[in-house]
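S.K.: Please read through the structure below; I'll follow up with questions.
Residue numbers (the numbering used here): 997 to 1099.
Rendered as structure tokens:
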């Protein structure tokens, strides 16, 4: 009887795992110059976060804005999976892409 109950529990656990969908994925793209932050959650779900007015007078404001975006995603349960950096030889057009997943 005990084996029968354990086998039922095992079948239920396997079937629940099979119903689970793929993890939720968010891409955040940060461009230093000209300053911009783009966030996408999939097709048709892309938003551009405009620079705050304080960024004109405060050099740290753009990093604080990126911090706020990443903090919001962490609060939603996302975790950083990887990053990539693309840039030109003069580093004027450096773009950093963050890949965040929510299991």
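Quick reminder that beta carbons are idealized off the backbone N, C-alpha and C, glycines included. Since we're looking at a predicted model, the values are computed, not measured.
1. Are the region 1050–1067 and the region 1019–1036 touching, with three or more C-beta to C-beta distances below 8 angstroms?
2. Short check: CB of residue 1084 to CB of residue 1095, under 8 angstroms?
3. Could you please give the first and the last residue of the uninterrupted alpha helix (DSSP H) stretch that includes residue 1064?
4. Can you grab the Cα-Cα spacing for the pair residue 1065 / residue 1025, in whole Å?
5. Got a sec, what are the start and stop residues for the beta strand (DSSP E) residue 1026 sits in?
6. Can you give me the Cβ contacts of residue 1073 inside the same chain, cut-off strictly under 6 angstroms, excluding the 5 residues immediately before and after it?
7. Let me see if you follow: with CB-CB separation under 8 angstroms, is residue 1076 close to chain D or not?
8. Which residues mark the beginning and the end of the beta strand (DSSP E) in which residue 1093 is found?
9. So residue 1034 is in the beta strand (DSSP E); what residue range does that whole segment cover?
10. Can you give the Cα-Cα distance for residue 1019 and residue 1036, rounded to whole angstroms?
M.R.: In short:
1. yes
2. no
3. 1057–1071
4. 11 angstroms
5. 1020–1027
6. 1098
7. Judged by its chain identifiers, the structure shown contains no chain D, having just a single protein chain.
8. 1091–1098
9. 1032–1036
10. 15 angstroms
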